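Following: one structure in structure tokens, then a few remarks.
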């Protein structure tokens with residue numbers, strides 16, 4: 001289960017719509033392409049499925065909103081980017097406190113349940129980020 005950040009509406013809405021597939025594209029069938037134990041599990045490349053692509057519901061990328069929320073716990077969900085104002089569909093889940101992401105990646109929410117699944121995903125990673133077994137998002141949506 002995931003709790004979104006309503007303080008950052010455009011980020012939360014982008015994540016929600018990519019979960020539901022309302023725009024005709026979604027996280028369904030995308031993979032976690034980068035996993036670094038104790039740091040992050042990154043996925044959400046809905047276009048290339050290898051970490052080189054992605055797109056937001058607002059176009060290819062959209063601007064950062066703010067960096068008020070911190071990467072201070074396991075389960076924090078943030079948008080991955082390639083620099084300022086380059087948010088698309090890629091996201092990551094923190095596997096612990098990762099202060100170096102503060103001020104660079106916008107937090108969109110936090111996992112509230114399913115930490116055992118996060119642990120299993122994390123075990124497929126390596127210090128280089130290379131993934132062992134392919135981890136696919138087989139279904140996603142919005143809870144009622």
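Residue numbers (full-length UniProt numbering): 1 to 144. Glycine residues also receive a C-beta, built at the ideal position from the N, C-alpha and C atoms. Here the structure is a predicted model, which means the values were calculated and not measured.
Using alpha carbons as the reference points, say which of 82, 134, 126, 124 lies closest to residue 63.
Minimum Cα distance to residue 63 is reached at 82.
Taking its Cβ as the centre, do 16 or more other Cβ atoms sit within 10 Å of residue 80, making it buried, or is it exposed?
The residue in question, residue 80, is buried, as its Cβ has 16 or more Cβ neighbours within 10 Å.
Tell me which residue opens and which closes the beta strand (DSSP E) that residue 134 is part of.
That residue, residue 134, is in no beta strand (DSSP E); it is neither H nor E in DSSP.
Does DSSP classify residue 78 as helix, strand or coil?
Note: residue 78 maps to strand in three-state DSSP.
Give the range of the beta strand (DSSP E) segment to which residue 108 is assigned.
Counting along the chain, the beta strand (DSSP E) containing residue 108 begins and ends at 107 to 111.
Taking the DSSP output, what are the residues bridged to residue 93?
BP columns for residue 93 point to 41, 77.
With the cut-off set at 7 angstroms, would you say residue 12 and residue 106 are in Cβ contact?
Their beta carbons are not under 7 angstroms apart, which means residue 12 does not touch residue 106 by this criterion.
Please report how far the alpha carbon of residue 135 lies from the alpha carbon of residue 65, in whole angstroms.
Answer to the nearest angstrom: the Cα atoms are 30 angstroms apart.
If you draw a straight line from the C-alpha of residue 40 to the C-alpha of residue 25, how long is it?
Straight-line Cα distance between these residues: approximately 24 angstroms.
So, at 8 angstroms on beta carbons, what are the nonlocal neighbours of residue 28 in its own chain, with the 5 sequence-adjacent residues on each side left out?
Excluding residues within five positions, the ones whose Cβ falls inside 8 angstroms are 21, 137, 138, 139, 140.
Please state whether DSSP places residue 15 in a helix, a strand or coil.
Three-state DSSP puts residue 15 in a helix.
Out of 119, 30, 113, which has the shortest C-alpha to C-alpha gap to residue 143?
Residue 143 has its Cα closest to that of 113, out of 119, 30, 113.
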